[in-house]
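What follows is one structure encoded as structure tokens, with my remarks underneath.
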Amino acid sequence: MVHWHYIGFIDPRRPIDLSQRPSPPLPVRPMPPDLVARLAEQHGVVRSEEVVDRGGYFLSHLGSFGKLHPFEAALVAEGCIVLSEMGMVVQPPEAVAAYNEFVAEWAVSHAEPGTAADGRNIS
1 MVHWHYIGFI DPRRPIDLSQ RPSPPLPVRP MPPDLVARLA EQHGVVRSEE
51 VVDRGGYFLS HLGSFGKLHP FEAALVAEGC IVLSEMGMVV QPPEAVAAYN
101 EFVAEWAVSH AEPGTAADGR NIS
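In terms of full-length UniProt numbering, the sequence shown has 16 at position 16, counting the first letter as 1, and numbering is strictly consecutive.
Below is the structure:
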């Protein structure tokens, strides 16, 4: 099974572009090429094989579902957010908390009348 991370400067309260299908990450600003190049060199990462530039964010085949490779952890230390291949925020912890709060608020605002956010009938 192949796993990957999306990494970039992403708002954890709006991590993906829901106007597109499939929904890609929605960076708030592009990744500085010099930052990525410097960290890739420091960590022995081969760009375009292990880390792919997707125009504003990167797809990384180095870690999976929150288990970060040192290169990915270095990007997090620089302020990046890590998403799983499913678009869930998985790192850093404060971004995960913001994402979970967003998801809970979304569930409440989109619940059918007479149901709890988890779908239970409460009428």
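Built from N, CA and C at the ideal position, the CB exists for glycine as well. On a predicted model such as this, the values are computed, not experimentally measured, just so you know.
Would you report the Cα separation of HIS110 and GLN91, rounded to the nearest angstrom?
Answer to the nearest angstrom: the Cα atoms are 26 Å apart.
Quick check on GLU75: does DSSP put it in helix, strand or coil?
The amino acid occupying residue 75 in the given sequence is Leu; Glu does not appear at that position. The answer is helix: DSSP assigns LEU75 an H, G or I state.
Quick one: what does DSSP say GLN42 is sitting in, helix, strand or coil?
GLN42: helix per DSSP, three-state reduction.
Under the rule that 16 or more other beta-carbon atoms within 10 Å means buried, what is GLY63, buried or exposed?
Buried: at least 16 other Cβ atoms inside 10 Å.
In whole angstroms, give me the CA-to-CA distance for MET1 and VAL28.
At MET1 the pLDDT is 47, less than 50, meaning the model places this residue with poor confidence and gives no usable figure here.
I'd like the span of the beta strand (DSSP E) that includes TYR57, first residue to last.
No beta strand (DSSP E) contains TYR57, which DSSP labels as neither H nor E.
So, LEU68 versus PRO15, is the Cβ gap smaller than 8 Å?
Cβ distance not < 8 Å, so LEU68 and PRO15 don't count as in contact.
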